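Peer 1: Chains as they are written, first to last, in this note's numbering: chain A, 343 to 414; chain B, 30 to 286.
1) Do residue 132(B) and residue 13(B) come within 8 angstroms of each other at the CB atom, strictly closer than that value?
2) How many angstroms separate the CA atom of residue 378(A) from the CA atom of residue 272(B)?
3) Would you mind reading off the limits of the alpha helix (DSSP H) that contains residue 227(B)?
4) Which runs of the alpha helix (DSSP H), 4 residues or longer, sit entirely within the region 343–397 of chain A?
5) Sort 82(B), 114(B), 75(B), 86(B) by Cα distance to residue 410(A) and report the nearest one.
6) What residues of chain B sit near residue 387(A), judged by a beta carbon separation below 9 angstroms?
7) Taking the beta carbon of residue 53(B) as the centre, do at least 16 other beta carbons fall within 10 Å, making it buried, or is it exposed?
8) Drop a sphere of 10 angstroms on the beta-carbon of residue 395(A), count the other beta-carbons inside from all chains shown, and report buried for 16 or more, exposed for fewer.
9) With C-beta atoms as the reference, is residue 119(B) less than 8 angstroms away from residue 186(B)?
10) Touch check for the region 199–214 of chain B and the region 226–240 of chain B: three-plus C-beta pairs under 8 angstroms?
11) In chain order, what residues of the region 72–84 of chain B put their CB closer than 8 angstroms to some CB of chain A?
12) At the level of alpha carbons, what is the spacing between residue 399(A) and residue 49(B)?
13) Counting only the same chain and skipping the five closest in sequence on each side, list residues whose C-beta sits under 6 angstroms from that of residue 220(B).
14) Who are the neighbours of residue 407(A) on chain B, taking C-beta pairs under 8 angstroms?
15) Tell me whether residue 102(B) is buried or exposed, calling it buried when 16 or more other Cβ atoms sit within 10 Å of its Cβ.
16) Ordered along the chain, which non-local residues of its own chain (more than five positions away) have a Cβ less than 6 angstroms from that of residue 44(B)?
17) I believe residue 163(B) touches residue 129(B) by the beta-carbon criterion, under 8 angstroms. Please report the beta-carbon distance rounded to the nearest angstrom.
18) Using the beta-carbon of each residue, which ones in chain A are nearer than 9 angstroms to residue 86(B)?
19) Shorter than 8 angstroms from the beta carbon of residue 122(B) to some beta carbon of chain A?
20) Could you give the distance in angstroms between the alpha-carbon of residue 270(B) and the alpha-carbon of residue 180(B)?
21) Who are the neighbours of residue 49(B) on chain A, taking C-beta pairs under 7 angstroms?
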């Protein structure tokens, strides 16, 4: 049986396991998050949404995905 | 009477009432209250997406940012670094440059930390943001904010969510007389008459959240706030009578039988 390589990352403050060699764009698509309503940060750096495909997720990466909610 | 637009950062708005989108029972209640209030601008917060529950309703599904101007805030930020990070993320969501800066210094009273606020205003303005700034009602700090590029001065009336109304009318009057920037009362209003007073003091607008969202009947309070802001503005523009210590008859004495 083929062993699937998974790596440990932190997504929105919680530990998550993701496939190796996954781009940020693939990952967000997989999570079914509407890209037009969010912003993405990788290791405290904001990533241009048009360039998410250029970033391959690495072990221990810290990803933050934020959106707007009600607030005063 | 010519149309009296509310102008912030060179953008024209019809309503002088800005409404916060927090603390409502549901998204649909929030959306309806905003519609009733007639607000053109609503404040929104930036938070993590709920990864585990993606069916949770999204604000953008209820309030269309193409129809209503979103004003991203930095509520919950207690230093400049956090506030800058939050607003840069807000800009990335969809190009928002008009923002509400709110750097808090005290968890109990939610008073703004004006040193951090001033620092953040300067950085954000240089980065091309149009910064509407939540601040204390200190005229000297208001002037400093203006000097570093704030596009609107937003002093608190009283602590956030307190509903106490304007605690220091004199300071608001002084700030009004010293600045041509939009002056917006942000935080602490409790009822429609508080909004009228703010507008009669010459403020350009008011920002209300808790007073509407937590009223027993939010839709009725949204209506009241809408009309209060209009009434207060017209009252301010009309030039009130001079106060007198004694009565002045309203009916002519001539021809009295």
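Ideal Cβ placement from N, Cα and C applies to all residues, glycine included.
The structure presented is a predicted model; accordingly, all values stated were derived computationally and were not measured.
Peer 2: Checking against the coordinates, here is how it stands:
1) Look at the range of chain B in this structure, 30 to 286, and you will see that residue 13(B) is not part of it.
2) 56 angstroms
3) 221–229
4) 366–372
5) 75(B)
6) Simply none; closest approach about 10 angstroms.
7) buried
8) exposed
9) no
10) yes
11) 72, 73, 74, 75, 76, 77, 78, 80, 83
12) 37 angstroms
13) none
14) 77, 78, 80
15) buried
16) 67, 68, 69
17) 6 angstroms
18) The contacting residues do not exist; residue 86(B) stays about 10 angstroms from chain A at best.
19) yes
20) 32 angstroms
21) 413, 414
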